[in-house]
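Here the structure is laid out as structure tokens; the discussion comes afterwards.
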Amino acid sequence: MDCNVLKGAAQIKSRHFCTVLDQAAVKDRFNFIVMKLIGKNLWDLRMDTPECRFSLGTALKAAAQCLVSIEQLHRFGYLHRDIKPGNFAAGRKESNEHHTIFMLDFGLCREFVKRGEGKMRTQRSSAPFRGTTRYAPLNSMLEVDTGRKDDIESWLYMVVEWTSGGLPWRKLKASDRDKVLQFKKELRVKEEIQEDMFYNCPKKEFFRILKYTDTLDFYSTPDYKFVYFCIQHAATANKIKDSDPLDWDPNTPYMGPIEPPGDGKVIDLEVEVGGTSNEGSLKKTKKEKETVKKGKKDEKEIEQSKTRNSVARKRDDNEKKK
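Under the working numbering, the first residue of the sequence shown is numbered 10, with each subsequent residue one higher.
What follows is the structure, given as structure tokens:
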């Protein structure tokens with residue numbers, strides 16, 4: 010799955026996904042891929058800070074980059090289903106990518122579109138829990154089939170954690186799923202939990218995002234630009250500049266990407282499974298298939314025309330000889 014996702018990302022030239030350098034298999038044992046080396050993940054970078062939380066400027070810049078990567082993943086038809094800080098990492102300083110954030114670990118990804126048909130999969134009546142309890146969306150914890158909105162909900166929990174330093178349910182274990190679920194339900198209605206949740210955060214903007222995701226369903230295409238606007242509004246309200254440095258590189262002005270997400274419209278790409286091509290190969294889109302089909306039809310008609318002309322010339326020659 011990792012290889013398929015990364016090959017798909019290569020087609021849209023995303024800067025937030027690692028390049029696949031090679032892939033191979035050890036017969037009857039395992040498959041593997043070789044990809045570019047990157048730096049520390051965002052969990053470790055947060056824990057390296059004095060208060061175990063990012064400055065607001067770093068928190069919002071990281072949030073924006075991660076949001077863009079999620080929209081791009083959705084754009085080529087995949088849900089991540091395990092959004093968490095350990096699955097995002099900064100690039101390496103040696104390659105001058107230490108201000109760029111990369112999305113990692115696609116083992117739980119699932120396609121939400123039917124390839125070649127341009128249709129979404131039908132929502133399943135139920136689905137087993139997937140992901141990490143701390144960041145899992147309500148639907149996943151209720152064993153409801155998840156959609157794109159749920160990746161955004163997990164993203165928000167992740168962003169709140171690295172902004173405030175922790176989530177209200179941070180002391181609970183993964184096995185305490187029912188208690189975490191109760192916290193997440195009460196977050197929607199109890200002000201005291203909201204105050205705890207959004208401590209040291211731009212509460213208005215973050216809670217607005219949470220309420221927005223709750224209005225969506227499995228089939229909804231999230232308004233990624235609206236979510237991005239909330240992040241940018243929080244930055245403006247708190248006088249955060251685009252050039253403000255990141256916590257893991259405090260002496261250098263920010264040089265990472267500043268880009269809004271796309272509209273989430275799914276691209277009709279199909280990554281073929283298998284093969285060892287570095288670039289990866291794509292199955293033809295419907296339009297390409299029609300073009301090829303038309304081309305073959307035109308070639309056939311041309312050949313038939315040549316044959317008819319040849320027969321006619323021979324007939325004329327025979328008549329002249331007579």
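Even glycine gets a Cβ: it sits at the ideal position worked out from N, Cα and C.
Check	Outcome
Lys158 and Leu225 closer than 8 Å at C-beta	yes
Separation of Ile92 from Ser163, as counted between CA atoms	6 Å
Alpha carbon of Phe26 to alpha carbon of Pro231, nearest angstrom	21 Å
Rounded straight-line distance, which links the Cα of Val169 to that of Phe63	10 Å
DSSP state of Phe192 mapped onto helix, strand, coil	helix
Inter-residue Cα distance where the pair is Arg130 and Ala68	34 Å
Alpha-carbon to alpha-carbon, Ala34 and Met206	45 Å
Enclosing alpha helix (DSSP H) for Met167 [first to last residue]	157 to 173
Separation of Gly127 from Ile240, as counted between CA atoms	31 Å
Opposing strand residues paired with Asn105 [DSSP bridges]	Answer is none; Asn105 lacks a bridge partner.
Candidates Gln81, Met44, His108, Asn96: closest to Lys70 by CA position	His108
Coarse secondary structure for Ile218, derived from DSSP in three states	helix
First through last residue of the beta strand (DSSP E) which encompasses Val43	39 to 44
Element boundaries [beta strand (DSSP E), containing Phe111]	110 to 112
Complete alpha helix (DSSP H) runs within the segment 115 to 161 (minimum length 4 residues, chain order)	147 to 150
Sequence-distant residues of the same chain with beta carbon closer than 7 Å to Tyr144, five excluded per side	Ile92, Lys93, Ser163, Tyr166, Met167
Nearest residue (CA-CA) to Thr28, options Phe39, Asn13, Lys36, Thr222	Asn13
Span separating the alpha-carbon of Phe192 from that of Glu60	24 Å
Residue burial classification, Glu80 (beta-carbon count within 10 angstroms, cutoff 16)	buried
Which of helix, strand or coil DSSP assigns to Asp31	strand
At least 3 beta-carbon pairs within less than 8 Å: the segment 210 to 220 vs the segment 146 to 160	no
8 Å contact criterion, which Arg84 and Val275 should meet: CB distance rounded	6 Å
Burial state of Asn50 (16 or more Cβ within 10 Å)	buried
Among Val153, Ala243, Ser78, the one whose alpha carbon lies nearest that of Lys212	Ala243
Val189 versus Trp178: straight-line alpha-carbon distance, rounded	6 Å
Glu299 (DSSP reduced to helix, strand or coil)	Here Glu299 scores only 49 on pLDDT, less than 50, and its place in the model should not be relied on; the value that follows carries that caveat. If DSSP states are grouped into helix, strand and coil, Glu299 belongs with the helices.
C-alpha distance - Glu297 paired with Thr142, whole-angstrom precision	Note that Glu297 scores a pLDDT of 39, beneath 50, so its modelled location is shaky; the value from the coordinates is reported in the next line. One C-alpha to the other measures close to 43 Å.
For Phe97: DSSP bridge partner residues	Met112
Backbone secondary structure at Leu88 - three-state DSSP	strand
DSSP three-state assignment for Phe235, whether helix, strand or coil	helix
Top-ranked residue by Cα proximity to Pro254, from Leu46, Leu65, Ala18	Leu65
Counterpart residues of Asn247 in DSSP-defined beta bridges	Asn247 is not bridged to any residue.
Minimum C-alpha distance to Ser135 - residue among Asp160, Gly95, Thr155	Thr155
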